[in-house]
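Novice: Listed in order, the protein sequences are those of chains A and B. For the first sequence, full-length UniProt numbering gives the first residue as 1, with consecutive numbering after it. For the second sequence, full-length UniProt numbering gives the first residue as 1, with consecutive numbering after it. Take a look at this one; I'll ask things after.
Number of protein chains: 2
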Amino acid sequence: MAKHTVESCSKAKMAIRDTLDVVGGKWKLVLISVLRSGKKGFNELSREAGISPRILSKELQELEMNGLVIRKVCDTKPITVQYELTEYSHSLNDVLVAMEKWGYQHRKRIVQGIK
Amino acid sequence: MAKHTVESCSKAKMAIRDTLDVVGGKWKLVLISVLRSGKKGFNELSREAGISPRILSKELQELEMNGLVIRKVCDTKPITVQYELTEYSHSLNDVLVAMEKWGYQHRKRIVQGIK
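What follows is the structure in structure tokens.
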């Protein structure tokens with residue numbers, strides 16, 4: 001992002017859009033962040049992330065489709081399903097870390113401004 | 001994000017949500033990225049970002065409210081309005097850079113996979 005030429009700007013814009021197409025929206029990065037602590041069942045994930053089952057199901061399907069989450073059927077009685085991050089999902093680390101840091105400082109700034 | 005304790009995970013989740021509350025959605029980071037090349041008028045911004053005027057107007061208001069963009073009325077004939085990034089918006093640089101990098105590599109990966 002050092003130089004702002006028409007070409008570099010439109011490449012940057014496209015790349016940011018590409019990222020938002022895959023992990024944009026209200027939930028995907030939150031889900032990935034929650035799954036970083038280890039694989040989880042559907043209900044556990046719904047509770048921890050605070051997402052309704054209907055939306056969670058759709059979000060997980062999209063994350064699976066993009067190779068970021070794997071759905072594992074476990075041979076237990078009754079059969080259970082667990083969701084886990086893929087190796088590829090770790091490529092999002094820098095995005096998650098940057099968003100975490102920004103969120104922390106922004107909340108701090110708002111709280112200080114209110115005082 | 002080094003350790004995964006219940007507390008650190010829920011702090012991380014909250015921080016990511018806070019960030020998404022401010023710059024989440026389909027357009028805000030794209031708009032910030034477009035404005036990095038300098039201040040722009042409303043129509044110019046609408047064209048460059050590919051956003052309909054109605055949505056652009058709402059997005060710009062929210063960006064202004066969160067101190068990321070300033071709206072400047074210029075004393076020209078006819079009066080013109082320009083939008084510019086604030087100093088504070090630069091705090092999002094790491095988020096933008098990380099998303100750009102991820103977007104580039106993801107597109108490359110997809111293109112290579114298709115070949």
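Positions of the beta carbon are idealized from the N, C-alpha and C atoms, including for glycine. The structure presented is a predicted model; accordingly, all values stated were derived computationally and were not measured.
Which whole-angstrom value is the C-beta distance of T86(B) and G103(A), which I expect to be below 8 Å?
Specialist: Your numbering for residue 86(B) matches position 86 in the second sequence. Your numbering for residue 103(A) matches position 103 in the first sequence. T86(B) to G103(A), Cβ: 18 Å. No contact.
Novice: Within the 8 Å Cβ cut-off, does M99(A) reach chain B?
Specialist: One-based indexing of the first sequence puts residue 99(A) at position 99. Output row for M99(A): interface = yes.
Novice: CB Y88(B) to CB L68(B), shorter than 8 Å?
Specialist: Position 88 of the second sequence, counted from the first residue, corresponds to residue 88(B). Position 68 of the second sequence, counted from the first residue, corresponds to residue 68(B). Against a cut-off of 8 Å, the Cβ pair of L68(B) and Y88(B) comes out as a contact.
Novice: Measuring CA to CA, which of I32(B), L92(B), V73(B), V111(B) is closest to K13(A)?
Specialist: The sequence position of residue 13(A) within the first sequence is 13, counting from 1. Nearest of I32(B), L92(B), V73(B), V111(B) to K13(A), Cα basis: I32(B).
Novice: State buried or exposed for R54(B), treating a residue as buried only when at least 16 other CB atoms are found within 10 Å of its CB.
Specialist: Here residue 54(B) is taken as the residue at index 54 of the second sequence, counted from 1. The residue in question, R54(B), is exposed, as its Cβ has fewer than 16 Cβ neighbours within 10 Å.
Novice: Output the distance between the C-alpha atoms of V111(B) and V34(A), rounded to the nearest integer angstrom.
Specialist: As a working note, residue 111(B) is residue 111 in the second sequence. As a working note, residue 34(A) is residue 34 in the first sequence. Computed Cα separation, rounded: 29 Å.
Novice: Report the option in N66(A), G38(A), I51(A), M99(A) whose CA atom is closest to the CA atom of T5(B).
Specialist: For the purposes of this step, residue 5(B) is taken as residue 5 along the second sequence, with counting starting at 1. Per the Cα distances, G38(A).
Novice: Please confirm whether S57(B) has its beta-carbon closer than 8 Å to some beta-carbon of chain A.
Specialist: As a working note, residue 57(B) is residue 57 in the second sequence. Closer than 8 Å: no.
Novice: In chain A, what lies closer than 7 Å to V30(B) by C-beta?
Specialist: Reading the second sequence from its first residue, position 30 is the one you call residue 30(B). What V30(B) touches in chain A: K13, I16, R17.
Novice: Quick one: is Q112(B) near chain A, going by C-beta distance under 8 Å?
Specialist: Taking the first residue of the second sequence as 1, we reach residue 112(B) at position 112. It does not: the Cβ of Q112(B) has no partner Cβ on chain A nearer than 8 Å.
Novice: Do we get a CB-CB distance below 8 Å when we pair V95(A) with the residues of chain B?
Specialist: The sequence position of residue 95(A) within the first sequence is 95, counting from 1. By this cut-off, V95(A) is an interface position.
Novice: With distances taken between CB atoms, is the gap from E100(B) to A98(A) smaller than 8 Å?
Specialist: On the second sequence, residue 100(B) is found 100 positions in, with the first residue counted as 1. On the first sequence, residue 98(A) is found 98 positions in, with the first residue counted as 1. Contact: no.
Novice: Cα separation between K11(B) and K40(A)?
Specialist: As a position in the second sequence, residue 11(B) is number 11, starting the count at 1. As a position in the first sequence, residue 40(A) is number 40, starting the count at 1. Cα to Cα, the separation comes out at about 19 Å.
Novice: Does V34(B) get closer than 8 Å to chain A when you measure Cβ to Cβ?
Specialist: The count along the second sequence starts at 1 and reaches residue 34(B) at position 34. Yes, contact with chain A.
Novice: Could you please tell me which residues of the stretch 63-76 of chain B, in chain order, have their CB closer than 8 Å to any CB of chain A?
Specialist: Listed by position along the chain: nothing, the set is empty.
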